[in-house]
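Note sheet for the following structure.
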Amino acid sequence: DGGITQSPKYLFRKEGQNVTLSCEQNLNHDAMYWYRQDPGQGLRLIYYSQIVNDFQKGDIAEGYSVSREKKESFPLTVTSAQKNPTAFYLCASSRGGASGANVLTFGAGSRLTVL
Amino acid sequence: AQSVTQPDIHITVSEGASLELRCNYSYGATPYLFWYVQSPGQGLQLLLKYFSGDTLVQGIKGFEAEFKRSQSSFNLRKPSVHWSDAAEYFCAVGAGGGSQGNLIFGKGTKLSVKP
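Given below as structure tokens:
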């Protein structure tokens, strides 16, 4: 079955370390997204990519970086510059397009905890 | 700017009772509207969507939603709630134009079900 795989499910990081969250999709979707979820805050967009080798900042991109070298993959790096990285991270994908009629498919998420 | 408001942070209903979760949006053009559900520690699953046409849309798991343009609302309903419906529910609006098709999410409504 097609879907989105996020790994690891749980990750612990010491302060000052960079960590990379993996996101792979086999849906042949053009667009991919990273959201951060905090209790009571809903989902906030970190980065998105509509096509390979191109990506744009979302609402809370500071302290994060991404790459999109392959259509299937959109890894997120949480850098030491992110002041409060403990959160639940969700990756999503869609067929893309600028109309807003985008049905997002989500992965199961990765929970990052800073020790 | 586009926005989504879910006025109820937490709702508790008895099993077998009816349910209505409220969603209000702010968007200048015809909106694309979505409801997603999230079980604890999991990703989001699409319940239903409205793009055009009939303002009453049917979704999975017995849910339905009604688009009311005059009230800028897209409330989610279910006639009889099951214990397995306990989860968090997110309303979202598709933002076209400069946002390149991203979704804007409300902060969510957590549903608890009493036996």
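Residue numbers (my numbering), protein chains in the order written: chain A, 170 to 284; chain B, 9 to 123. Just so it is clear, CB atoms sit at the ideal spot from N, CA and C, and this is done for glycine as well.
Proximity of residue i and residue j at Cβ, strictly below 8 Å
{"i": "residue 279 of chain A", "j": "residue 190 of chain A", "result": "yes"}
{"i": "residue 22 of chain B", "j": "residue 122 of chain B", "result": "yes"}
{"i": "residue 203 of chain A", "j": "residue 220 of chain A", "result": "no"}
{"i": "residue 184 of chain A", "j": "residue 247 of chain A", "result": "no"}
{"i": "residue 271 of chain A", "j": "residue 102 of chain B", "result": "yes"}
{"i": "residue 206 of chain A", "j": "residue 115 of chain B", "result": "no"}
Spatially closest choice to residue i from the options, by CA coordinates
{"i": "residue 233 of chain A", "options": "A:222, A:242 and A:188", "result": "A:188"}
{"i": "residue 261 of chain A", "options": "A:211, A:251 and A:243", "result": "A:243"}
{"i": "residue 32 of chain B", "options": "B:91, B:46, B:83 and B:24", "result": "B:83"}
{"i": "residue 256 of chain A", "options": "A:241, A:281 and A:239", "result": "A:281"}
{"i": "residue 223 of chain A", "options": "A:230, A:231, A:210 and A:240", "result": "A:240"}
{"i": "residue 16 of chain B", "options": "B:96, B:101 and B:110", "result": "B:96"}
{"i": "residue 37 of chain B", "options": "B:47, B:67, B:114 and B:11", "result": "B:11"}
{"i": "residue 196 of chain A", "options": "A:217, A:181 and A:174", "result": "A:174"}
{"i": "residue 199 of chain A", "options": "A:213, A:254 and A:217", "result": "A:217"}
{"i": "residue 55 of chain B", "options": "B:45, B:62 and B:64", "result": "B:45"}
Burial state of residue i, where buried means 16 or more other Cβ atoms lie within 10 Å
{"i": "residue 228 of chain A", "result": "exposed"}
{"i": "residue 179 of chain A", "result": "exposed"}
{"i": "residue 91 of chain B", "result": "exposed"}
{"i": "residue 48 of chain B", "result": "exposed"}
Identified DSSP bridge partners for residue i
{"i": "residue 211 of chain A", "result": "A:207"}
{"i": "residue 189 of chain A", "result": "A:246"}
{"i": "residue 96 of chain B", "result": "B:46 and B:118"}
{"i": "residue 63 of chain B", "result": "Note: residue 63 of chain B sits in no beta bridge, so no partner."}
Span of the beta strand (DSSP E), counted from its first residue to its last, around residue i
{"i": "residue 115 of chain B", "result": "No beta strand (DSSP E) holds residue 115 of chain B; DSSP gives it neither H nor E."}
{"i": "residue 255 of chain A", "result": "No beta strand (DSSP E) holds residue 255 of chain A; DSSP gives it neither H nor E."}
{"i": "residue 281 of chain A", "result": "279 to 283"}
{"i": "residue 38 of chain B", "result": "Element bounds for residue 38 of chain B: n/a, residue is neither H nor E."}
Residue-level contact to chain E via CB, residue i, 8 Å cutoff
{"i": "residue 185 of chain A", "result": "Reference to chain E is not applicable here, since the protein chains of this structure are A and B."}
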